[in-house]
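Okay, so here's the structure we're looking at.
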Amino acid sequence: MQHDIIAIGDTVIDAFIRLQEASVLRDATNTHDLLAMRFGEKLPFEYDVVIPGVGNSANAAVACARLGLNAGLHTYVGADTRGDDCIKALADQRVATDLIVKQEGKNTNYHYVLWYGSERTILIKHEAYDYSMPTDIEAPKWIYLSSMADNSLPYHKEIASYLEANPTVKLAFQPGTFQIKLGTEALKDLYSRTEVFFCNKEEAQEILKSESTDFKELLKGMQALGVKIPVITDGRNGAYTTDTDGSSWHIPMYPDPKPPLERTGAGDASASTTIAYLEMGFPIHEAIMRGAINSMSVVQEIGAQRGLLAKEQIDEWYNKRPADFVATAI
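Position one of the sequence shown corresponds to residue 89 (this note's numbering), numbered consecutively onward.
Take a look at the structure:
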């Protein structure tokens with residue numbers, strides 16, 4: 089069976105540590121918040137939760153599967169019990185796991201999430217897997233590409249070659265930190281092939297080497313790289329997009345029914361749900377509105393996947409949406 093979507097990117101285990109004694113301070117330049125704890129002491133924490141089979145691309149695959157799409161994941165794990173845990177967790181979510189590679193001599197990615205208030209600080213370490221793009225898989229309708237380790241540039245070239253050989257495949261690109269740092273020249277074949285691109289305002293400014301805060305200007309800058317439909321988020325101010333017909337939209341954040349519990353995976357939920365609804369035939373601004381609903385739900389639970397909704401649930405939230413939850417042409 090042809091996959092509706094194959095997500096590509098690193099998979100991890102997230103170990104959430106609910107901090108009890110911490111505070112947030114402003115740095116000396118007044119530009120960043122700092123998580124502060126007493127140095128050199130034994131500090132109590134409230135509890136911990138370990139969640140296998142997560143990560144940007146894994147979260148996207150689970151979101152799409154829960155919305156009824158035939159979703160697969162091409163990723164790498166170690167040949168260890170943690171890798172087995174990830175594969176089982178993804179299979180339990182009805183994600184096709186036949187493209188997951190267990191690599192001997194490598195460890196499964198394991199991240200520590202320091203959770204304080206509703207925000208999290210994540211300690212990350214990406215294993216340097218021997219990445220390779222399989223060329224014999226049946227072309228899916230979409231490839232969803234997201235974060236990988238910093239040794240993966242040749243892998244990105246292979247993905248670009250696969251897309252060139254399979255022109256019917258649409259690319260959704262939600263870059264991670266390393267992919268942004270690579271720069272647009274190194275990944276120009278992917279940017280020019282991207283159907284839908286997702287990033288936040290600060291990432292767009294970094295990608296474009298721009299200090300502009302004008303979203304229409306940033307959207308045009310992304311399209312100049314070859315991206316057909318850029319989507320740029322601005323935290324609680326919602327998201328901005330430009331469609332292929334030149335129309336631009338602002339989509340507000342769906343209001344939280346209660347204070348968020350924890351924000352991991354909110355962006356993944358929004359982006360992947362948007363792709364799922366595009367595949368269902370919705371216009372981009374309507375698809376982003378459904379993504380905002382799934383993002384709202386995810387932050388009500390621990391981790392990136394527990395709060396993901398089925399289509400019927402998203403429809404229910406959309407039908408009872410507040411009057412000001414509307415897409416506005418800009």
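Using N, Cα and C, we set each Cβ at its ideal position, and we do this for glycine too.
Counting only the Cα atoms, A227 lies some 20 Å from A151. The three-state secondary structure of S300, taken from DSSP, is coil. In the three-state DSSP reduction, R409 falls in the coil class, being neither helix nor strand.
Beta-bridge pairing by DSSP links S336 to T330. In the three-state DSSP reduction, D121 falls in the strand class (E or B). At a Cβ-Cβ threshold of 8 Å, A103 and V201 count as neighbours. No residue range can be given for Y217, since it is assigned to no alpha helix (DSSP H) and is classified by DSSP as neither H nor E. A248 is not bridged by DSSP to any residue. Between the C-alpha atoms of L313 and T321 there is a straight-line separation of about 18 Å. The DSSP-derived three-state label of V150 is helix. For L178, the enclosing alpha helix (DSSP H) has its first and last residue at T169 to D180.
Unbroken alpha helix (DSSP H) stretches of 4 residues or longer found wholly inside the segment 258-288: 265-270 and 276-279, given in chain order. Taking one beta carbon from each stretch, the segment 210-224 and the segment 156-174 have 3 or more pairs nearer than 8 Å; the two touch. Counted as a single uninterrupted DSSP element, the stretch harbouring D322 is not any beta strand (DSSP E), since DSSP gives it neither H nor E. Nearest in C-alpha terms to N239, of all of K269, Y406 and Q262, is K269. For the pair L113 and L107, the CB atoms are not nearer than the 8 Å cut-off.
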